[in-house]
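Here's the structure we're looking at; comments come further down.
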Amino acid sequence: MDSESGEAFPASIEAAWGLRERPHKGPKRGLTLERIVSAAVKVADENGLDAVSMSRVGNELGSSTMALYRYLATKDELLTLMLDAAVGPPPPLPEGLGWRRGLESWATSMRAAILAHPWTVHLLMPKGPPATPNQLAWLDQFLQILQDTGLPANAKLATQLLISGHVWSHVSITAAITLDTEPGSLRRWSEYEPFLRRVSGGGRLPGLRAALDEGAFGDDPGAPDDHFAFGLERALDGVEAHIRSLG
1 MDSESGEAFP ASIEAAWGLR ERPHKGPKRG LTLERIVSAA VKVADENGLD AVSMSRVGNE
61 LGSSTMALYR YLATKDELLT LMLDAAVGPP PPLPEGLGWR RGLESWATSM RAAILAHPWT
121 VHLLMPKGPP ATPNQLAWLD QFLQILQDTG LPANAKLATQ LLISGHVWSH VSITAAITLD
181 TEPGSLRRWS EYEPFLRRVS GGGRLPGLRA ALDEGAFGDD PGAPDDHFAF GLERALDGVE
241 AHIRSLG
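For the sequence shown, the UniProt record's numbering assigns the number 1 to the initial residue and increments by one for each residue that follows.
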């Protein structure tokens with residue numbers, strides 16, 4: 001419950017901010033919301049997001065499923081807290097970077113934080129605006145980076161959507177390749193190029209064929225980093241041009 005407005009926030013958000021009254025007694029001494037979330041993240045890291053269930057997390061903690069429900073109302077609430085905990089807060093930025101290098105660092109750090117837990121990509125599509133502590137910390141840092149650029153507030157928020165959207169789309173593709181271990185899957189980069197060559201022969205899909213012949217789909221371990229950096233730089237070029245136009 002918001003003490004200022006009297007309105008109730010979503011349960012997962014109240015839990016994330018510690019706004020809900022926590023149980024003082026329980027069947028498992030030492031059980032806390034933080035331990036539950038940490039155990040759930042461990043299960044997801046080791047076995048994937050599909051392996052996360054209240055019973056599985058309870059087993060990880062040596063506790064009953066019902067004991068967990070004293071701290072969490074639903075699994076969706078747990079997933080919200082898992083995402084916030086796994087991605088964590090933004091790392092501090094070195095002083096004197098300037099806004100452009102600051103945003104490069106911000107985007108690169110967010111990408112690394114997500115790819116450290118690839119299952120988080122399944123939770124990235126927001127059901128609402130950023131609201132958990134770490135989500136808002138990332139947003140706050142982004143806005144601070146742009147503080148002296150002369151951009152109005154709405155333009156700063158639009159820039160954040162642009163850059164975070166680039167990060168999310170990139171990590172979603174990268175994580176899909178990382179997580180997919182099924183032999184012969186077309187999502188695996190090494191199997192994708194032979195497939196494209198097969199379907200683009202005989203003058204079919206000439207633009208795609210030309211890109212293939214230039215090695216665009218080669219099995220280059222550095223390609224994801226290069227693609228990410230290229231897209232980020234082009235987005236920042238546009239932001240820089242707009243800032244300059246403001247005089």
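Using N, Cα and C, we set each Cβ at its ideal position, and we do this for glycine too.
Notebook entry, point to check: According to DSSP, is proline 130 helix, strand or coil?
Noted result: Here proline 130 sits in coil by DSSP.
Check: Since valine 122 is in the alpha helix (DSSP H), which residue starts that stretch and which ends it?
Finding: Here residue 122 turns out to be histidine, not valine, going by the sequence shown. Element bounds for histidine 122: n/a, residue is neither H nor E.
Margin query: Here's the rule I'm using: 16 or more other beta-carbon atoms within 10 Å means buried, otherwise exposed. How should methionine 1 be labelled?
Written below: Only weak support exists for where methionine 1 lies, its pLDDT of 48 falling under 50; the coordinates are left without a value.
Next item on the list: Return the first residue and the last residue of the alpha helix (DSSP H) that glutamate 14 is part of.
Entry: Where glutamate 14 is concerned, the enclosing alpha helix (DSSP H) stretches over 11-16.
Check: Going straight from the alpha carbon of proline 91 to that of leucine 97, what length do you get?
Finding: So the two alpha carbons sit approximately 14 Å from each other.
Notebook entry, point to check: Excluding five sequence neighbours on each side, which residues of the same chain lie with their C-beta closer than 8 Å to the C-beta of arginine 101?
Noted result: Setting aside the 5 residues that flank it on each side, arginine 101 has no residue in the same chain whose C-beta is closer than 8 Å to its C-beta.
Notebook entry, point to check: For phenylalanine 228, which option in Ser109, Asn59 and Asn47 has the closest C-alpha, if you only look at C-alpha atoms?
Noted result: Distance from the Cα of phenylalanine 228 is smallest, within the candidate group Ser109, Asn59 and Asn47, for Ser109.
Notebook entry, point to check: For the putative contact between valine 41 and methionine 82, defined by C-beta atoms under 8 Å, what is the C-beta separation to the nearest angstrom?
Noted result: Rounded, the Cβ-Cβ distance is 5 Å, consistent with contact.
Check: Does DSSP put phenylalanine 217 in a helix, in a strand, or in coil?
Finding: Three-state result, phenylalanine 217: coil.
Next item on the list: Return the chain-ordered list of same chain residues with a C-beta closer than 8 Å to the C-beta of glutamate 193, the five sequence neighbours on each side being excluded.
Entry: Answer for glutamate 193: Leu212, Phe217, Gly218 and Asp219, listed in chain order.
Next item on the list: Return yes when the Cβ of leucine 68 is within less than 9 Å of the Cβ of glycine 58, no when it is not.
Entry: Closer than 9 Å, so yes.
Next item on the list: Can you grab the Cα-Cα spacing for the pair leucine 19 / glutamate 191, in whole Å?
Entry: Distance between the alpha carbons of leucine 19 and glutamate 191: 49 Å.
Next item on the list: Quick one: measure Cβ to Cβ for leucine 115 and alanine 73, integer angstroms, because I've assumed they're closer than 8 Å.
Entry: 30 Å between Cβ atoms; not a contact.
Check: Quick one: Cα of serine 200 to Cα of alanine 210, how far?
Finding: Roughly 10 Å between the two C-alpha positions.
Next item on the list: Measure from the alpha carbon of valine 167 to the alpha carbon of each residue in Leu246, Leu236, Ser64 and Met54, then state which is nearest.
Entry: It is Leu236.
Item checked: Distance, leucine 103 Cα to aspartate 225 Cα -> About 16 Å.
Note to self: To the nearest angstrom, how far is the alpha carbon of leucine 161 from that of serine 169?
What the structure shows: One alpha carbon belongs to leucine 161, the other to serine 169, and they sit about 12 Å apart.
Margin query: Please state the DSSP three-state secondary structure of valine 52.
Written below: If DSSP states are grouped into helix, strand and coil, valine 52 belongs with coil.
Notebook entry, point to check: Buried or exposed: which applies to proline 129, given that a residue is buried once 16 or more other Cβ atoms fall within 10 Å of its Cβ?
Noted result: With fewer than 16 Cβ atoms within 10 Å of its Cβ, proline 129 is classed as exposed.
Notebook entry, point to check: In chain order, what residues of the same chain lie with their CB nearer than 7 Å to the CB of isoleucine 173, ignoring the 5 residues before and after it?
Noted result: Result list for isoleucine 173: empty, nothing under 7 Å.
Next item on the list: Would you check if the distance between the CB atom of alanine 44 and the CB atom of histidine 117 is smaller than 9 Å?
Entry: Against a cut-off of 9 Å, the Cβ pair of histidine 117 and alanine 44 comes out as a contact.
Item checked: Alpha-carbon spacing of glutamate 77 relative to alanine 131, whole angstroms -> So the two alpha carbons sit approximately 13 Å from each other.
Item checked: Burial state of alanine 112 (16 or more Cβ within 10 Å) -> Answer is exposed; the Cβ neighbour count stays below 16.
Next item on the list: Report all residues from its chain with a CB closer than 8 Å to the CB of alanine 16; omit the five preceding and five following residues, and keep chain order.
Entry: So the qualifying residues of the chain are Thr80, Leu81, Asp84, Ala131, Thr132 and Pro133.
Check: What does a CB cutoff of less than 7 Å around phenylalanine 142 pick up in its chain, not counting 5 residues either side in sequence?
Finding: Counting only Cβ-Cβ distances below 7 Å, and skipping sequence neighbours, we find Trp106 and Gln160.
Next item on the list: State the Cα-Cα distance for the pair threonine 65 and isoleucine 163, rounded to the nearest angstrom.
Entry: Approximately 40 Å between the Cα atoms of the pair.
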